[in-house]
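Structure record follows, encoded as structure tokens.
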Ligand SMILES: [Mg+2]
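In the numbering used here, the protein residues as written are 32 to 413.
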């Protein structure tokens, strides 16, 4: 058991570099180009944190969770406690709050706010040392495999027809993509047979050599998920993501025993990564550094997963920041190109890695290599 009181009160060596300024901005109405078979949504939002040190190093971060309460959490609760801290001490900074867990506000928003801080500090570490973040983590590889998620319907937009899904998947494959993913279980009442028909249309459109996966977004019962997987096995599905309500570990483990399709989870956390791993619930696990307490927290999940001989994948909208994790560590790998969210990164940041023949090349710039374009804060802040 971690002795937090001791950890916190232990003397800390003085540092010349200190966190001097933090500013958080909520961005909205960022124009994006939607995928070809839908014209909506054509706008995205984002949360952008800027942290500056007393010696002028600037770190940036975005979060997946964009609730406006994060602005207050950063400004009024987190910033006052960490100004003056050494930005390299990313294991110390959460401890400053762990002593106050009884007053820790707003669950997921707090975890996302701390993720923003952690990511910006890792960006500062890289820039101070002149190294890319993935090299600081161990630098396992300089490119990562990528899959493209498309076909999601938002803002009340009508669900894609099977024909539209198939045509869009074929278009994405023509661009050189080697792995596509679509959502299943989106109907008001999940309909495995209809989902099978949609996945089959995609498989027929992309041919046998492109990888095809599906994401259930926590919308199915065990019987629906088993039925869908049994139907889809003949389609050579690479993985099914988060099919079961609440990511319940025992139910996911049961599904895994019933199908040859790989099962992935942990994007939308309800249970902990440790609970999923102990239950044998997943073939790979999907932390997101932007939602789950930062890069530091995902490194802990990666270490636990390694003890279970389980690799990490990525499933969420913050792909560009997550590349560093998957390139850095031995059991990292697959990164998601979430079509709409990646477009928002393209709109906000100067250089964003783009898929080439199924791979993303990792930025070799110091830090994460993600620098906002001039003027985006002014233009899109709300
Ligand atoms: Mg997902």
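From the three backbone atoms N, C-alpha and C, an ideal C-beta is built for every residue, glycine too.
Original post:
Can you find at least 3 beta carbon pairs, one from the region 247 to 259 and one from the region 274 to 282, that sit closer than 8 Å?
Top reply: yes
Subject >> Contact check, residue 269 vs residue 346, beta carbons under 9 Å >> reply: no
Subject >> Where residue 32 sits in the DSSP three-state scheme >> reply: With a pLDDT of only 44 at residue 32, under 50, the local geometry of the prediction cannot be trusted, and the value read off the model is given with reservation. Residue state, collapsed to three classes: coil.
Original post:
Comparing the CB of residue 226 with every heavy atom of ligand 1, is any distance shorter than 8 Å?
Top reply: It does not: the Cβ of residue 226 is nowhere closer than 8 Å to a heavy atom of ligand 1.
**OP:** Could you tell me whether the region 102 to 111 touches the region 165 to 175, where touching means 3 or more Cβ pairs closer than 8 Å?
**Re:** Flag = no, the region 102 to 111 and the region 165 to 175 do not touch.
Subject >> C-alpha distance - residue 183 paired with residue 191, whole-angstrom precision >> reply: Between residue 183 and residue 191, the alpha-carbon positions lie close to 8 Å from each other.
Original post:
Could you give the C-beta distance for residue 241 and residue 285, rounded to a whole number, given that I count them as a contact under 8 Å?
Top reply: About 30 Å separates the two Cβ atoms, so there is no contact after all.
Subject >> Other residues of its chain near residue 54: CB distance less than 6 Å, five sequence neighbours each side excluded >> reply: Counting only Cβ-Cβ distances below 6 Å, and skipping sequence neighbours, we find 81.
Original post:
In chain order, which beta strand (DSSP E) runs of at least 3 residues are fully inside the region 358 to 410?
Top reply: 366 to 369 and 390 to 392
Original post:
So, are the CB atoms of residue 367 and residue 382 less than 9 Å apart?
Top reply: For residue 367 and residue 382, no; Cβs fall outside 9 Å.
Original post:
What are the complete beta strand (DSSP E) segments, minimum 3 residues, inside the region 81 to 152?
Top reply: Counting only runs of 3 or more, we get 89 to 94.
Original post:
With distances taken from CA atoms, which of 395, 282, 289 and 322 is nearest residue 312?
Top reply: 282
Subject >> Beta-carbon separation (whole angstroms), residue 180 vs residue 370, contact threshold 8 Å >> reply: 6 Å
Subject >> Beta-carbon proximity list for residue 415, same chain, < 6 Å, skipping 5 on both sides >> reply: Outside the modelled stretch of the chain, which goes from 32 to 413, sits residue 415, for which no answer is possible.
Original post:
Is there contact between the region 137 to 146 and the region 62 to 74, where contact requires at least three CB pairs shorter than 8 Å?
Top reply: Contact annotation: the region 137 to 146 does not touch the region 62 to 74, with fewer than three C-beta pairs closer than 8 Å.
Original post:
Could you name the residues, in chain order, whose CB is less than 6 Å away from a heavy atom belonging to ligand 1?
Top reply: Close to ligand 1, as judged by a C-beta nearer than 6 Å to any of its heavy atoms, are the residues 246, 248, 272, 273, 298 and 346, in chain order.
**OP:** Look at the Cβ atom of residue 116, then the Cβ atom of residue 127, and state whether they are nearer than 9 Å.
**Re:** yes
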